[in-house]
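Position one of the sequence shown corresponds to residue 1 (the UniProt record's numbering), numbered consecutively onward.
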Amino acid sequence: MHEYNFKIPESFNKKPEDLFTRNHEGPAEGSVINQLQELIGQYCKDDYEKYQLLDTRDKLLCNLRTISPARFGRTGTCPDLCPEKERYVRIVQKRLSIYECDQYGKLIPPKAVKEYARSAADQERPLPHELRDGQILEKSMEYLLTTVVDSNPRPDQLTSWYDFLWSRTRAIRKEITQQMMVEPKSVSIVQRCARFHIFASYALCTLEMGEFNQNMNTENIGKSLQTLRHLYEDLAKRGIGCREEAEFRSYDIMMHLDDTNTTNQALSYRKEVRESEHVRLALQLATSLQNGNYARFFRLLKTRASFLQICACHRYFDRVRANAYRVMVKAYGRNNNPLEAERVANMLGFDDVAQLAANAGAYGLRCDVDGLDPARDTYLGRPEETPPLKLYAWIDAKMQGAQLSQILTAGAMLCVPSLDAVIDSFDEEGHYVKDPVLASYVNMETVPKPKIQPRPPKNSTPDLPKFVFNTAQPIERKIAQWSSLERRKNRLANVCNEFFLLDAKQLVEQSINVSVSKELSTSLTQKATQESSVIHAALSRQILEGNLKREKEEKKEALRNEARTLLPRMFEEKLKTEVDKQIMIIFKQIFCAALKDAQLEYEKQLFNKIWKHHLLEIIDGKTKEISAKVLDETRASQAAIIDGIGQRLRLLWLRQFWDQWRRIVEARRMKREYYRKIMNEWRPSRLEYISKGKPQETSKSAIYSSWRRYSDGNDFFKEQKRKRWMISKYFHRWRLNAQRLAARRRIIEGFISRKRHGPSANESSSGFVVIHLCLL
């Protein structure tokens with residue numbers, strides 16, 4: 001291995017805070033600019049050195065942003081699917097995916113997509129060239145959907161397929177949050193991410209915990225829906241509505257079906273969202289789950305829910321079925337009569353009886369050809385091991401043969417985006433000379449032309465004297481005195497080449513004696529003779545290496561000749577393949593655009609042709625329908641009011657008899673009471689005895705006072721009856737007057753409402769007469 005003369009700038013070995021001199025006013029902007037200019041022209045021999053150079057550039061730019069923040073924006077400027085520095089660091093760390101490499105495992109730069117990296121406390125805020133704008137983010141999402149999502153991975157590739165999509169979509173959502181992008185385009189991107197994770201929660205549920213983490217996937221669904229909630233609210237403040245808001249509001253409810261606060265949450269939605277079919281279905285599913293109505297739960301999913309809505313509710317299947325078993329055991333456990341297995345399997349969302357038998361067996365219930373036996377003695381309230389989640393054919397049938405990308409985009413047709421050449425800051429030899437990021441901060445025209453460090457040649461071999469002198473150190477100092485003479489050097493090389501087959505030792509001694517006799521003293525000659533054996537071995541080894549090198553060069557030349565023969569044909573085949581591929585891509589794009597334009601044109605022509613013909617018919621039909629609906633509702637409300645009035649009148653009619661009966665009963669009770677008191681006055685026990693023992697009868701005044709009290713009681717009842725009659729009389733008068741006023745008010749309001757819609761002259765004159773009569 002030969003050492004390259006790669007000049008590492010001093011800034012490579014410095015910390016970012018030591019790259020410039022600080023003073024009480026802060027670092028100077030010009031110092032950072034100068035250090036950025038020092039990087040231009042540096043040579044990097046491999047990907048690791050390229051990463052180091054780009055990392056140093058980013059550290060300097062972070063310092064420059066601290067000094068002059070106005071030079072940096074918040075919007076991303078990266079034109080590629082993956083920033084350049086991330087490509088190099090992933091190549092060095094070997095973090096490449098099969099979807100980004102060719103068949104030999106080499107990275108294809110246009111196919112590299114930025115992966116997700118967790119934020120750290122000491123991590124710098126990303127620079128603009130490390131972020132992608134809305135258009136590139138949308139292009140990245142379309143590339144993932146058309147190229148990776150529809151790649152139909154094998155079962156053993158599902159884990160890598162999901163990990164790749166999770167990492168890339170998570171990075172897209174992170175950049176939307178970092179740039180605070182509040183626009184319909186970002187809403188569409190996050191919606192597709194949420195749909196992907198909802199699909200994965202069902203499609204990958206059969207994988208092991210180490211292959212697919214369901215909890216982490218659920219967390220990503222929740223974060224995506226939370227981001228959408230904030231975007232919907234921010235766009236609503238601007239007066240911008242989202243067409244698919246109701247769908248994702250329903251997903252938000254379906255992720256929390258067991259939460260009793262879902263109804264209150266739905267009341268905070270806009271009216272058109274709250275009354276949409278998606279939200280209504282989600283609320284009905286929540287009610288069915290909370291009330292334990294398992295039959296209605298699965299019936300709603302089979303008849304009204306879409307594929308993704310079923311995927312969102314798939315996590316609740318075991319809970320609903322466990323509650324169903326508990327209800328069946330409680331209701332039918334005493335009868336010892338098995339339930340029909342096919343009916344129960346269909347009711348609980350199984351494909352066949354075998355799935356029902358396997359699931360019910362975990363709860364201790366036996367299911368065979370005779371049916372499901374809900375025996376109480378074998379039923380286990382909580383199974384020892386929760387039954388694993390499964391895939392079902394009736395759920396897969398909901399896809400209706402559509403591709404996964406169409407489901408994730410709600411049926412929208414996507415064209416494969418063209419992958420342009422990516423940014424490369426290095427030339428073909430590895431010199432850092434064409435970085436567009438650095439050019440946006442440093443004026444490249446005013447920078448003096450850098451001295452590009454030459455690239456050391458490959459497979460370079462030192463010359464013969466240098467090899468010999470490195471082998472025999474004592475001779476190196478002496479030979480250096482005459483090695484500068486070109487004549488001596490050529491003579492020594494000719495002697496070595498001519499007399500190699502002879503005695504190498506004698507030839508070397510003679511050549512050294514002749515050369516040294518002219519330039520050196522006798523002592524030097526003796527010393528050179530003593531070390532001739534070392535030189536002889538070195539020369540032999542050098543010549544042998546030269547022969548081997550010559551053979552290698554001959555083989556390389558043969559390979560080059562063969563390559564020159566095969567290269568044009570391979571180039572033509574490769575060129576033809578790439579041209580055909582690009583032609584197909586361009587054709588698909590043109591075809592999609594032409595198809596879309598033709599569809600729009602046809603729709604316009606069809607609309608212009610039929611709208612006048614059907615407009616009046618539609619308006620008439622809708623008017624009749626609305627009028628009939630309003631009339632039916634009015635009739636129903638009036639009938640309900642009349643029924644209520646009749647019921648109240650019947651109650652009042654019965655009440656007067658009840659009150660009369662109670663008054664009579666009360667009067668009779670009072671009479672009996674007074675009679676009892678009077679009779680007590682006349683009893684012998686009430687007679688007074690004189691001191692002589694002779695009884696003395698009660699005086700007539702006492703008897704009269706008792707009858708007087710009885711008479712006063714009758715007068716009291718009569719007075720109370722008269723007061724009740726007067727109250728009833730004036731109450732009926734007040735109610736009649738109130739009814740007349742209400743009737744007048746309704747007549748006047750009806751007239752005013754008809755007046756607003758432009759009544760005829762006759763209606764106007766008759767209306768004034770009606771108002772006059774009502775006022776009278």
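Every residue gets a Cβ at the ideal spot worked out from N, C-alpha and C, and that includes glycine.
Note that the structure is predicted; figures quoted are calculated from it, not measured.
### Query
Going by C-alpha distance, which of 35, 667, 197 is nearest residue 163?
197
### Message
According to DSSP, is residue 96 part of a helix, a strand, or is it coil?
### Response
coil
### Query
So, helix, strand or coil for residue 426, using DSSP?
strand
### Task
Mind reading off the beta-carbon distance from residue 91 to residue 137? Whole number of angstroms is fine, and I expect it under 8 Å.
Contact doesn't hold; Cβ gap of about 23 Å is too wide.
### Query
Mapping DSSP to helix, strand and coil, what is residue 43?
strand
#### Entry: For residue 432: DSSP bridge partner residues
426
### Query
By how many angstroms is the C-alpha of residue 626 removed from the C-alpha of residue 633?
10 Å
### Task
Answer with buried or exposed for residue 126, where buried requires no fewer than 16 other C-beta atoms within 10 angstroms of its C-beta.
buried
### Task
Can you say whether residue 756 is buried or exposed, counting buried as having 16 or more other CB atoms within 10 angstroms of its CB?
exposed
### Message
Just to confirm before moving on: does the CB-CB distance between residue 169 and residue 133 stay below 8 Å?
### Response
no
### Task
Express the C-alpha separation of residue 43 and residue 429 in angstroms, rounding to a whole number.
8 Å
### Message
Let me check you understand the geometry: is the CB of residue 582 closer than 7 Å to at least one non-hydrogen atom of the ligand SAM?
### Response
For the ligand SAM, the structure offers nothing, since it holds no ligand at all.
#### Entry: Counterpart residues of residue 313 in DSSP-defined beta bridges
According to DSSP, which records beta bridges pairwise, residue 313 is partnered with nothing at all.
### Query
Three or more beta-carbon pairs under 8 Å between the stretch 354-373 and the stretch 174-194, yes or no?
no
### Task
Using DSSP bridges, identify the partner residues of residue 371.
368
### Query
Roughly how many angstroms separate the alpha carbons of residue 52 and residue 93, rounded to a whole number?
13 Å
### Query
Is residue 756 helix, strand or coil by DSSP?
helix
### Task
Return the chain-ordered list of same chain residues with a C-beta closer than 8 Å to the C-beta of residue 23, the five sequence neighbours on each side being excluded.
Note that residue 23 scores 37 on pLDDT, short of 50, meaning its location in the model is unreliable; the coordinates nonetheless yield the value given after this. For residue 23, where only same-chain residues beyond five positions count, there are no Cβ hits under 8 Å.
### Query
Do residue 181 and residue 225 have their CB atoms nearer than 8 Å?
no
### Query
Under the rule that 16 or more other beta-carbon atoms within 10 Å means buried, what is residue 432, buried or exposed?
buried
### Message
Considering just the uninterrupted stretch of the alpha helix (DSSP H) at residue 129, what are its terminal residues?
### Response
Looking at the DSSP string, residue 129 is not in any alpha helix (DSSP H), and its letter there is neither H nor E.
### Query
What did DSSP end up calling residue 559 once you bin it into helix, strand or coil?
helix
### Bridge partners - residue 101, DSSP secondary structure assignment
107
#### Entry: Start and end residues, alpha helix (DSSP H) containing residue 802
Because the chain spans 1 through 776 in this model, residue 802 falls outside it and cannot be assessed.
### Query
Mind checking residue 161: buried by the 16 CB within 10 Å criterion, or exposed?
buried
#### Entry: Top-ranked residue by Cα proximity to residue 379, from 359, 284, 397
359
### Query
Three or more beta-carbon pairs under 8 Å between the stretch 384-391 and the stretch 112-120, yes or no?
no
### Message
8 Å is my cut-off, CB to CB: does residue 166 come that close to chain C?
### Response
Here there is only one protein chain, and chain C is not present.
### Query
For residue 179, which residues of its own chain have a beta-carbon under 7 Å away from its beta-carbon, when the five flanking residues on both sides are left out?
74, 75, 76, 131
### Query
If you count every other CB in all the chains shown that lies within 10 Å of the CB of residue 665, and 16 or more means buried, which is it?
exposed
#### Entry: Beta carbon of residue 165 nearer than 8 Å to that of residue 408
no
### Query
Grouping DSSP H, G and I as helix and E and B as strand, with all else coil, what is residue 700?
Low local confidence applies: a pLDDT of 48 at residue 700 is under 50, so the model's placement there is unreliable, and no value is given.
### Message
Tell me which residues share the same chain as residue 778 and place their Cβ nearer than 7 Å to its Cβ, disregarding the 5 neighbours each side in the sequence.
### Response
As displayed, the chain neither begins before 1 nor continues past 776, which places residue 778 out of reach and without an answer.
### Message
Taking the alpha carbon of residue 298 as the reference point, which residue from 112, 46, 723, 343 has its own alpha carbon closest?
### Response
343
### Message
Here's the rule I'm using: 16 or more other beta-carbon atoms within 10 Å means buried, otherwise exposed. How should residue 662 be labelled?
### Response
exposed
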